[in-house]
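**Student:** Protein sequence lines, in the order shown, are assigned to chains C and H.
This note's numbering puts the first residue of the first sequence at 1, with every later residue one more than the last.
This note's numbering puts the first residue of the second sequence at 1001, with every later residue one more than the last.
Following this message is one structure expressed as structure tokens.
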Amino acid sequence: AQSVTQLDSHVSVSEGTPVLLRCNYSSSYSPSLFWYVQHPNKGLQLLLKYTSAATLVKGINGFEAEFKKSETSFHLTKPSAHMSDAAEYFCVVSDEANYGGSQGNLIFGKGTKLSVKP
Amino acid sequence: NAGVTQTPKFQVLKTGQSMTLQCAQDMNHEYMSWYRQDPGMGLRLIHYSVGAGITDQGEVPNGYNVSRSTTEDFPLRLLSAAPSQTSVYFCASSYSGQGSGTDTQYFGPGTRLTVL
């Protein structure tokens, strides 16, 4: 069964410095992987997704993630943090279990809260 | 398009009361789902539907019922509310029903439920 582990529950960076949010996954299949962002008291917004095309995926707001099969990782990065990046970030894998109808289900990591200091 | 809408935004219930959380989408999506979000737990799947008339259980279905009579609507019913159901509930939808692990899911704004 698929699973996702976000290695840090909280990351704090200064504005203008790089962001690294770490995610490892477990999957028996070739996974589809996503990063979602949730700003305080808001819904979830898709940042980017990996679907077995290019291993380096570019998303919105300058974020990108690299799929590394050998390391089973899908870390999220941004070269320069902005105050508006402060939010909670979720690494997500699509459930590709081999029974009907479940392939759309998402399995979420527990989230990483990103704080950005001025 | 309004996207995915949820009502109400906030609700307070007493233990034992029942209620329905509404979810609607206007994107003609086949797949719809309900998640609950608890601190430090991420989001966990409650129920999902791959099309009108078809529903199935997710990871944490106990205490909840769903039905899907139309493509647009996917209500979540709490039969007898318990304090353990205090949570934020999110509805989501995506285009395809099956074999669609690559589809983007669109989330509603959430319903914050407190059970006293």
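Glycine is no exception: its CB is placed at the ideal position from the N, C-alpha and C atoms.
Give the secondary structure of Asn41(C) by DSSP, where H, G and I count as helix, E and B as strand, and everything else as coil.
**Tutor:** Coil, per DSSP.
**Student:** Find the nearest neighbour of Phe1090(H) within the set Pro1061(H), Tyr1106(H), Ser1096(H), Asn1028(H), judged by alpha-carbon distance.
**Tutor:** Looking at the Cα atoms, Tyr1106(H) is the closest of the given residues.
**Student:** Going by DSSP, which residues form a beta bridge with Val1004(H)?
**Tutor:** Gln1025(H), per the DSSP bridge assignment.
**Student:** On the criterion of 16 or more Cβ atoms from any shown chain inside 10 Å, does Val4(C) qualify as buried, or is it exposed?
**Tutor:** Buried.
**Student:** Here's the rule: buried if 16 or more other CB atoms are within 10 angstroms of the residue's CB, otherwise exposed. What is Ala65(C)?
**Tutor:** Buried.
**Student:** For the beta strand (DSSP E) that contains His1047(H), what are its first and last residues?
**Tutor:** Residues 1042-1051.
**Student:** Considering only residues of the same chain and omitting the five flanking positions on each side of Met83(C), which have a CB-CB separation below 8 Å?
**Tutor:** So the qualifying residues of the chain are Glu15, Val116, Pro118.
**Student:** I need the boundaries of the beta strand (DSSP E) containing Phe67(C), first residue and last residue.
**Tutor:** 64-68 is the extent of the beta strand (DSSP E) around Phe67(C).
**Student:** Starting from Phe1107(H), find everything on chain C with Cβ-Cβ shorter than 7 Å and list it in chain order.
**Tutor:** Near Phe1107(H) (Cβ distances below 7 Å), the residues of chain C are Gly43, Leu44.
**Student:** Please classify Met1041(H) as buried or exposed, where buried requires at least 16 neighbouring CB atoms within 10 angstroms.
**Tutor:** That one is exposed.
**Student:** With DSSP run on the structure shown, which of helix, strand or coil describes Ser1087(H)?
**Tutor:** Looking at Ser1087(H) - three-state DSSP - the assignment turns out to be strand.
**Student:** For the segment 1029-1044 of chain H against the segment 1006-1018 of chain H, are there 3 or more C-beta pairs whose distance is under 8 Å?
**Tutor:** Not touching, per the Cβ criterion.
**Student:** Use the C-beta contact count for Gly1099(H): other C-beta atoms within 10 angstroms, 16 or more gives buried, fewer gives exposed.
**Tutor:** Annotation note: pLDDT 48 at Gly1099(H) (below 50); position unreliable, coordinate value reported separately. Burial call: exposed.
**Student:** Between Lys1014(H) and Phe74(C), what straight-line distance do the alpha-carbon atoms span, to the nearest angstrom?
**Tutor:** Near 42 Å, if we compare the C-alpha coordinates of Phe74(C) and Lys1014(H).
**Student:** Chain H partners of Phe90(C), CB-CB under 8 Å?
**Tutor:** Chain H residues near Phe90(C): Gly1042, Leu1043.
**Student:** Note down the Cα distance separating Gly43(C) from Ser70(C), rounded to an integer number of angstroms.
**Tutor:** The straight-line gap from Cα to Cα measures roughly 33 Å.
**Student:** Between the Cα of Ser92(C) and those of Ser12(C), Val13(C), His10(C), Arg22(C), spot the shortest distance and give me the residue it belongs to.
**Tutor:** The sequence given here places Val at residue 92(C); Ser does not occur at that position. With distances taken between Cα atoms, Val92(C) lies closest to Arg22(C).
**Student:** Take the Cβ of Asp85(C) as the centre, count every other Cβ of all protein chains shown within 10 Å, and call the residue buried at 16 or more, exposed below.
**Tutor:** Counting Cβ neighbours within 10 Å, Asp85(C) comes out buried, since at least 16 surround it.
**Student:** Applying a beta-carbon distance threshold of less than 9 Å, which residues of chain H neighbour Phe108(C)?
**Tutor:** The answer, in chain order, is Tyr1035, Gln1037, Met1041, Gly1042, Leu1043, Arg1044, Leu1045.
**Student:** If you reduce the DSSP assignment to three classes, tell me which class Asn61(C) lands in.
**Tutor:** Asn61(C): helix per DSSP, three-state reduction.
**Student:** So if DSSP puts Ser94(C) in a beta bridge, which residue, or which two residues, is it bridged to?
**Tutor:** According to DSSP, which records beta bridges pairwise, Ser94(C) is partnered with Leu106(C).
**Student:** Which residues of chain H have a Cβ atom closer than 7 Å to the Cβ of Gly111(C), listed in chain order?
**Tutor:** Within 7 Å Cβ-Cβ: Gly1042.
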